[in-house]
Amino acid sequence: MRVLPVERAEASETALRLVDAGSGHPVAIDPGYREPLRVVVEPRCDEADEPAYETEAGAAPGAAGAEDVAVDDAAASGLADAELTGLRARLVGDVLARTAELFGGQALVGVVRSGGRGDGLEARATALGVRPAAVVGDGADVTEALGGKPEVHVTGARGGDAEAEYGIVLRVGVVHAPGGARSTDAGAAGRGPSSDIARRGPSFDAVAVVAGDEPGADDPLALRLALLSRPYYQLIELTPDVLAEARHSLERWRREVAGWARAPSKPMCAEVLAEALGGLRADLFVPAVLDGLRRLVEDPGLPDGSRFETAAHLDRVLALDLVREVGRDASAAPREPAP
Numbered sequence: 484m485r486v487l488p489v490e491r492a493e494a495s496e497t498a499l500r501l502v503d504a505g506s507g508h509p510v511a512i513d514p515g516y517r518e519p520l521r522v523v524v525e526p527r528c529d530e531a532d533e534p535a536y537e538t539e540a541g542a543a544p545g546a547a548g549a550e551d552v553a554v555d556d557a558a559a560s561g562l563a564d565a566e567l568t569g570l571r572a573r574l575v576g577d578v579l580a581r582t583a584e585l586f587g588g589q590a591l592v593g594v595v596r597s598g599g600r601g602d603g604l605e606a607r608a609t610a611l612g613v614r615p616a617a618v619v620g621d622g623a624d625v626t627e628a629l630g631g632k633p634e635v636h637v638t639g640a641r642g643g644d645a646e647a648e649y650g651i652v653l654r655v656g657v658v659h660a661p662g663g664a665r666s667t668d669a670g671a672a673g674r675g676p677s678s679d680i681a682r683r684g685p686s687f688d689a690v691a692v693v694a695g696d697e698p699g700a701d702d703p704l705a706l707r708l709a710l711l712s713r714p715y716y717q718l719i720e721l722t723p724d725v726l727a728e729a730r731h732s733l734e735r736w737r738r739e740v741a742g743w744a745r746a747p748s749k750p751m752c753a754e755v756l757a758e759a760l761g762g763l764r765a766d767l768f769v770p771a772v773l774d775g776l777r778r779l780v781e782d783p784g785l786p787d788g789s790r791f792e793t794a795a796h797l798d799r800v801l802a803l804d805l806v807r808e809v810g811r812d813a814s815a816a817p818r819e820p821a822p
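Our numbering applies: residue 484 is where the sequence shown begins, and numbers increase by one.
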């Protein structure tokens with residue numbers, strides 16, 4: 484990995500600008516430079532550790548002009564929220580690795596065991612389309628197996644010694660499922676407004692969705708989509724309605740992609756692609772990629788062949804299996820090659 488000056492990153496089509504949670508400043512990296520990008524994921528989510536801090540946008544805690552506001556993080560919504568936040572950290576590491584590959588680089592991902600739940604986390608992550616980690620183990624073992632000090636540290640924790648051990652820190656926002664204890668965690672420091680989540684409604688076990696134990700939950704990729712729907716550093720309130728909306732969106736997008744696949748192949752939609760990739764380059768802003776998919780569906784002026792090629796390309800990062808329905812309709816005409 485090579486760290487680039489910001490001015491050079493602006494001129495690069497492959498550089499990623501990641502905001503380091505430790506400093507609050509963007510760091511530009513080229514993930515395709517000579518050797519793989521080494522990423523360590525620490526799924527641990529603090530439940531009663533240090534308080535989270537919220538600052539004005541763009542200001543690091545303790546920096547000049549920053550107004551630090553302590554946020555009560557003591558209850559942090561219980562085990563379900565901790566597991567879901569750990570899954571989200573694992574997912575962010577997966578998206579980062581896929582993004583590096585999309586821009587011509589390589590990535591190695593290692594996972595630091597958290598509370599002895601490493602194997603269970605990996606099984607659930609696999610259900611969400613997360614690629615297997617290169618190594619799962621203790622911190623020192625992970626560093627050795629990755630072949631050097633990791634350059635990016637993805638975590639749900641709120642600070643500690645680990646941040647000094649690695650390079651860029653990406654701190655994911657808490658995932659809150661209804662039925663948990665009260666939490667006012669706003670996500671990563673300086674990255675979003677606070678949200679007072681009160682105890683409400685019947686208990687909802689979102690983790691069961693991943694295992695396929697929730698009634699009617701036959702597609703865990705709906706949970707992947709729900710977790711990708713907001714910037715990684717913001718809190719997500721994961722309700723049954725949010726999951727139902729994600730499931731509906733997946734079904735619609737897959738139907739559309741299957742229809743587009745019948746048309747002759749065309750070049751990808753340059754404008755949609757540029758906006759989506761620009762979002763990924765700007766601190767892994769995956770909502771820009773999802774907006775690109777919506778535009779493919781809603782813009783009547785785009786050729787179906789271009790829609791298909793663009794959606795398939797973006798799915799290399801999203802990993803939502805958007806081509807699942809292609810070819811399942813026996814009456815559908817085969818897809819024609821480009822003229």
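Even glycine gets a Cβ: it sits at the ideal position worked out from N, Cα and C.
Bear in mind the structure is a predicted one, so any value in this text is a computation, not a measurement.
Between the Cα of residue i and the Cα atoms of the options, which residue gives the shortest distance?
i: D702; options: V657, R607 and V652; result: R607
i: I719; options: P514, A504 and D564; result: D564
i: L776; options: R500, L805 and R596; result: L805
i: L726; options: L710, R735 and W736; result: L710
i: R738; options: L629, P615, A628 and V780; result: V780
i: T497; options: R764, A795 and T793; result: R764
i: F586; options: V772, L499 and S712; result: L499
i: Q717; options: P770, H796 and A759; result: P770
i: R571; options: A590, Q589 and G612; result: G612
i: C752; options: G784, L721 and A741; result: G784
i: R588; options: E566, A610, I512 and G788; result: Checking the sequence shown, residue 588 turns out to be Gly, not Arg. Looking at the Cα atoms, I512 is the closest of the given residues.
i: S712; options: V740, V755, D774 and G630; result: D774
i: V740; options: A616, E758, H796 and L706; result: H796
i: A788; options: P750, L629, P633 and G761; result: Sequence inspection shows Gly at residue 788; the Ala mentioned does not correspond to that position. Residue P750 is the option with its Cα nearest to G788.
i: E758; options: T609, T793, R517 and A746; result: T793
i: V625; options: R614, A616, G593 and E605; result: G593
i: R521; options: E566, L629, A610 and G505; result: L629
i: P514; options: A617, D782 and P633; result: P633
i: L760; options: D798, E627 and D724; result: D798
i: P526; options: R735, D782 and E605; result: E605
i: A705; options: R735, Y715 and P714; result: R735
Answer with yes or no whether the minimum CB distance from residue i to chain B is below 9 Å.
i: V613; result: No chain B is part of this structure, which consists of one protein chain only.
Starting from the C-beta of residue i, find all residues in its chain whose C-beta is less than 7 Å away, skip the five residues before and the five after it, and write them out in chain order.
i: T568; result: C528, G639, V655, V657 and V658
i: G643; result: Residue confidence for G643 is low, a pLDDT of 48 falling below 50, so the modelled location carries little weight and cannot support an answer.
i: L708; result: A729, S732, L733 and L803
i: G810; result: none
Which same chain residues end up closer than 8 Å to residue i when comparing Cβ atoms and leaving out the 5 residues on each side of it in sequence?
i: A547; result: Residue confidence is low: A547 scores 33 on pLDDT, short of 50, so the model does not pin down where it sits. No coordinate-derived value is stated.
i: V800; result: V578, R581, T582, L585, L763, V769 and V772
i: R596; result: V619, G620 and D621
i: P615; result: E605 and T609
i: G742; result: D787
What first and last residue would you give for the alpha helix (DSSP H) that runs through residue i?
i: D503; result: Counting along the chain, D503 falls outside any alpha helix (DSSP H), and DSSP gives it neither H nor E.
i: G762; result: A753 to R764
i: A727; result: P723 to W743
i: G775; result: P770 to E781
Looking only at its chain, what residues have a beta carbon closer than 6 Å to the beta carbon of residue i, apart from the 5 residues adjacent to it on each side?
i: G545; result: Low confidence applies to G545: its pLDDT is 31, below 50, so where it sits in the model is not reliable, and the reading given next is rough at best. Within the same chain, G545 has no close Cβ partners at all.
i: V502; result: P509 and D766
i: A694; result: Only weak support is given to the placement of A694: the predicted model assigns it a pLDDT of 49, under 50, and the question is left unresolved by the model.
i: I651; result: L501, D503, V510 and V635
i: G603; result: none
i: V637; result: V524, A572, V575, G576 and L653
i: T722; result: P661
i: R807; result: R737
i: P519; result: Q589, A590 and L591
i: P786; result: K749
i: R778; result: V755
i: A746; result: D787 and G788
From the DSSP output, which residues share a beta bridge with residue i?
i: P509; result: V502
i: A794; result: The partner list for A794 (beta bridge, DSSP) is empty, contrary to what the question assumes.
i: G603; result: Note: G603 sits in no beta bridge, so no partner.
i: E720; result: H659
i: V809; result: According to DSSP, which records beta bridges pairwise, V809 is partnered with nothing at all.
i: L520; result: A590
From which residue to which residue does the beta strand (DSSP E) around residue i run?
i: R713; result: R713 -> no beta strand (DSSP E), and no H or E assigned at all.
i: G620; result: V618 to G620
i: V592; result: A590 to V595
i: V652; result: I651 to R654
Does at least one heavy atom of the ligand ZN sit under 8 Å from the Cβ of residue i?
i: C752; result: The ligand ZN is not part of the structure shown, which contains no ligands of any sort.
Would you check if the stretch 620-630 and the stretch 578-587 touch, i.e. whether three or more CB-CB distances between them fall below 8 Å? no
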